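Notes follow once the structure below has been shown.
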Amino acid sequence: MTSKNKTIEERIAALEQAVAWFESDEFTLGEAVERYQQVQQQAATIQTELAELRHTITVATAQDTQGAQGEAGAADGAA
156 MTSKNKTIEE RIAALEQAVA WFESDEFTLG EAVERYQQVQ QQAATIQTEL AELRHTITVA
216 TAQDTQGAQG EAGAADGAA
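First residue of the sequence shown? That's 156 in my numbering, and the numbers climb one at a time after it.
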């Protein structure tokens with residue numbers, strides 16, 4: 156699976172695994188800077204994806220609310 160096709164859950168799991176390296180016995184200062192930059196990029200990608208999901212949910216919720224209000228208004232007018 157390519158990195159573009161990963162689910163948000165897979166991205167978070169990969170980020171957690173990358174962060175765990177910093178607490179492992181494999182940690183070296185020489186490699187830390189490069190890995191830190193990779194972790195920052197992973198976190199930024201996750202934040203962007205979460206923001207997109209939040210927007211989608213907000214729009215869907217607003218549409219549901221407007222639809223429910225429209226249905227209630229139509230029912231009131233029919234009575």
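Using N, Cα and C, we set each Cβ at its ideal position, and we do this for glycine too.
The structure displayed is predicted, hence computed values, not measured ones.
In this structure, Ile201 is the residue among Ile201, Leu208, Ala215 with its C-alpha nearest to the C-alpha of Glu165. Three or more Cβ pairs closer than 8 Å define a contact, and the segment 166-174 meets that threshold against the segment 195-215. In the three-state reduction of the DSSP assignment, Asp180 falls in the coil class. Linking Phe177 to Gln193 through their CA atoms gives a straight-line distance of about 12 Å. Note on geometry: alpha-carbon atoms of Gly185 and Lys161 lie some 29 Å from one another.
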